[in-house]
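Step one of this worksheet: look at the structure below.
There are 2 protein chains.
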Amino acid sequence: MNYSKQREIILKTLRENPIHPTADMLFALVRNELPNVSLATVYRNLNQLAEQGVIRKISALDDKVHFDHNLESHYHFICIKCKKVYDVPYDVAPDLAKALREHTGLEALAADVLFKGICNHCKH
Amino acid sequence: MNYSKQREIILKTLRENPIHPTADMLFALVRNELPNVSLATVYRNLNQLAEQGVIRKISALDDKVHFDHNLESHYHFICIKCKKVYDVPYDVAPDLAKALREHTGLEALAADVLFKGICNHCKH
DNA sequence: ATAAAATTGATAATGATTACTATTATTGAA
DNA sequence: TTCAATAATAGTAATCATTATCAATTTTAT
Numbered sequence: 083m084n085y086s087k088q089r090e091i092i093l094k095t096l097r098e099n100p101i102h103p104t105a106d107m108l109f110a111l112v113r114n115e116l117p118n119v120s121l122a123t124v125y126r127n128l129n130q131l132a133e134q135g136v137i138r139k140i141s142a143l144d145d146k147v148h149f150d151h152n153l154e155s156h157y158h159f160i161c162i163k164c165k166k167v168y169d170v171p172y173d174v175a176p177d178l179a180k181a182l183r184e185h186t187g188l189e190a191l192a193a194d195v196l197f198k199g200i201c202n203h204c205k206h
Numbered sequence: 083m084n085y086s087k088q089r090e091i092i093l094k095t096l097r098e099n100p101i102h103p104t105a106d107m108l109f110a111l112v113r114n115e116l117p118n119v120s121l122a123t124v125y126r127n128l129n130q131l132a133e134q135g136v137i138r139k140i141s142a143l144d145d146k147v148h149f150d151h152n153l154e155s156h157y158h159f160i161c162i163k164c165k166k167v168y169d170v171p172y173d174v175a176p177d178l179a180k181a182l183r184e185h186t187g188l189e190a191l192a193a194d195v196l197f198k199g200i201c202n203h204c205k206h
C-alpha cells in the first residue's frame, strides 16, 4: 500500500470525528481540505483501511455503512430519531463469545451488539 | 390490511423455512406456488408484515436484508463462509437492555446481537 | 351488486456502492 | 537523479438491492 495524501486525510478526518460517519459524510468533510477528491477515492480508501484493520465498518442501519476509528472492543447505540451512533462500553456485555461457546459450542470471531432507542438528546 | 393470496403464501413460505431468507430467496420459493408473483409484491408484503410486527427484519449481515418469522427474543450467528444465519438463544446474552441502562442510562427499545464466525458445517 | 379502498404485476427509478479507465503519483533500483 | 514498475486518483459508468409508480384486478363493506 503506497502513501497517498488522500488516504492520510481521509483517515485523519475519520479519527477527528466521533460521529461514526458514512462515506458520503466523510466525502463532504474531506472536500474541505481536498476540493478535488473523488467519492470513489473515499470509498476505496475506507474499504482498504477496514481490510487492513486500521478502522472498522459498522452496518448500523438498514441503509448506509458507517465507519469507526475506535478499534477497542465496544458496542453501539443508534438513535432511531436522529440516527446518531453512540459508543457503548464493552463492559455492558463482556465475554459474549465465551457465553456463545458455552451455550452452543459455536466459536465466534466477532460479536456485534447494536442497541436501538431514543437518545437523551432527542427525548427533549 | 386486506387479505391477499400472495401475502398468505409469502408468510407461509417464510414460516416453513428456518433459513432466514432474503426477499429474492423468498421470491424464488413463492414462485413455485404462484408463478406470476412479482418481486415487488414480495418486498411490499415482507415490509408490511414487518411493520405490523408479524415478522422481523434482520440487517447488518451483508448487504441484503434477511427475514425472520421467529418473534421470540433471540440473536443470530452468521457463517462468514456459507453466509447461513443461525439462531442463537436469548440466554446467551440476557437482559442486555438492563445492563445498558445500568451502565449508561440509555434506554434501549431493542438489542440486536450478531455473532460472526465459521459454522460447524463449514469447519470440515 | 357495487363503489371505495387495497393489492397486484410489470417496470422505471433510486441510491449506495463498486468497477472501469485514462492519467498522475509513489517507489525502489540503476 | 532518472526511469520503469506499481499503485492511486478523478471522473464516470455500471451494478444491484430496494422502492416508487401506475393501470388493472381483487377485496371488502354497504
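Chains as they are written, first to last, in the numbering used here: chain A, 83 to 206; chain B, 83 to 206. Heads up, the beta-carbon is just placed ideally off N, CA and C, and yes, glycines get one too.
- Residue state for residue 112 of chain A is assigned as helix, using DSSP reduced to three classes.
- Rounded to the nearest whole angstrom, the C-alpha separation of residue 140 of chain B and residue 160 of chain A is 15 Å.
- Nearest neighbour of residue 157 of chain A by Cα position, chosen from B:117, B:179, B:90, turns out to be B:179.
- By the Cβ neighbour-count rule, residue 117 of chain B is exposed, with fewer than 16 other Cβ atoms within 10 Å of its own.
- From the beta-carbon of residue 171 of chain A, the residues of chain B found nearer than 7 Å are 185.
- By the rule that beta-carbons nearer than 8 Å mark a contact, residue 198 of chain B touches chain A.
- DSSP places residue 148 of chain B in the uninterrupted beta strand (DSSP E) bounded by 146-150.
- As DSSP reads the structure, residue 199 of chain B sits in a beta bridge with A:190, B:161.
- Within the model, the alpha-carbon separation for residue 165 of chain B versus residue 174 of chain A is close to 28 Å.
- For residue 155 of chain A, no chain B residue has a Cβ inside 8 Å of its Cβ, as the nearest lies near 14 Å away.
- By the CB criterion at 8 Å, residue 182 of chain B and residue 149 of chain A fall outside the cutoff.
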